[in-house]
Structures are given as structure tokens and as C-alpha cells.
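In what follows, a single structure is set out as C-alpha cells and then discussed.
In the numbering used here, the protein residues as written are 2 to 225.
This is how it looks when you write it as C-alpha cells:
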């Protein structure tokens, strides 16, 4: 059964790839293809089984017909003997003998076909179980592979995110420093504006003079 040899070889090869499949995406694709090939070969084996069953049924129908003919020609031979027609009885007996030989050959053929059908049926059933088991393993492997890829992606994102967070923190500190400098300048400007306003009010009231005038200098010189 070359078909079944191919199927079992594919399943064996697929099983050997399963360990690598978790870390090797190509191995998963190879294993999937091997399972598809095994399914295709299994379908061919089922077609062969159907053909064998059909052949067996045809042979069984032919056997039933020959059995009926044997019975009929035996009756014809008896009647020929009863009539004393020895030659006709002998010729009819020859036909019976030929039919009996054909009957024996067909029985042997049917037995062989029955054995082949049973063997293929067992192999098909076993192979279906093997393929189903491998497909279950494949589903587990693919699920594990997906989880590991997700974990790897998360890990990569965390590393990238860590760098991004650091960069964002630095940007935030620069923004805060800039805002603090602006606030300091605003406070200083407001303080100076308040001081200037106070000095002006004092000057207007004659309490405080703004600077030294020429008259002040002359007054000082005269007093010396």
C-alpha cells in the first residue's frame, strides 16, 4: 500500500518537526503541508476502498447468478437422464462442471477482495486517527507559537516603551524648566513694575527725589 506508506512517512516527518515548529514558523508551514498531503492520500485510499467494495459486490452478484445457473443445469441434466438422452445429459453436466469451476474461482476472488477491503478499512481508520491526532498537536503548537510571539512582541514593546518613557520624561523636565524660567521672569518684571510705581508715587509726593539735579549740585558747592 504505497499510499499508506506515504501517509505514515508524512505523519512521522511532521511529528519530528513539531519540536522545532514552536520557534520555527517555516516548520509549521511544512507540517501543515504534510498534513494536507496526508489528507489527499487518505482520500485516494478511500476511493480505492470504494472501488474494491464495488468489485466485491459485482463478484457476489455474479456468484449468485452462477449458483442459480448450476442449480438449473443440474435439473436439466437429471431430466436428460430420465429421458435416456445420455449425450445431452453429458453435455449439460459439462456445463455444470464449468459453472462450478467458475463458482470456485469467484469465491476465491471474493475472499481476497473481502480481505483487502477489511485491511484497507482498518488502515483508513488508523490513518484518520493519526491525522486527527497530528492536527490536534498542530493546533496546540500554533497556539503556543502565537502566545510566544505575543510575549515577544510585548517584551519588545516594553523595551521600546522604556526608551520612549525616558525620552518623554526628559521632554517633560525641559518643559517644566522652561515654564519655571518664564514664571521667574514674570515675577521679576512684576516686582520691578511695583517698585517703579512706588518710587514715582514718593517722588510725586516730594518725599523721594528721582536722581540729582543741577540745582542740587550748585547748592552743595555753595555750602562748601
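Ideal Cβ positions, reconstructed from N, Cα and C, are used throughout, including at glycine.
In the displayed model, residue 85 falls within coil according to three-state DSSP, outside both helix and strand. Distance between residue 85 and residue 48, taken at the CA atoms: about 55 Å. The beta carbons of residue 135 and residue 36 sit about 6 Å from each other, so the pair counts as a contact at 8 Å. The C-beta of residue 176 has fewer than 16 other C-beta atoms within 10 Å across all chains shown, which makes the residue exposed.
Residue 155 counts as exposed, since fewer than 16 other C-beta atoms from the protein chains shown sit within 10 angstroms of its C-beta. Taking C-alpha positions only, residue 130 is separated from residue 70 by approximately 45 Å. Within 10 angstroms of the beta-carbon of residue 60 lie 16 or more other beta-carbons, which makes it buried. A residue is called buried once 16 or more other Cβ atoms fall within 10 Å of its Cβ, and residue 148, having fewer, is exposed.
The C-beta distance from residue 121 to residue 64 rounds to 21 Å, too long to fall under 8 Å, and the pair is not in contact. Look at the beta carbons and you see the segment 98-111 not touching the segment 137-148: under three pairs across the two are nearer than 8 Å. Nearest in C-alpha terms to residue 68, of all of 87, 128, 96, 81, is 96. Between residue 31 and residue 142 a beta carbon distance of about 12 Å is seen, past the 8 Å cut, so the two are scored as non-contacting. Judged by beta-carbon spacing, residue 132 lies within the 8 Å limit of residue 39, meaning their Cβ atoms are closer than that value. Its chain contains 78 as the residues whose beta carbon lies nearer than 6 Å to that of residue 94, once the 5 sequence neighbours on both sides are disregarded; these appear in chain order. Exposure of residue 181 is indicated by the presence of fewer than 16 other C-beta atoms within 10 angstroms of its C-beta. Ranked by how close their Cα comes to the Cα of residue 51, the residues 117, 190, 178, 99 have 117 in first place.
Residue 82 is positioned such that its CB atom lies closer than 8 Å to that of residue 90. Counting the other CB atoms within 10 Å of its CB gives residue 144 a total below 16, which places it among the exposed residues.
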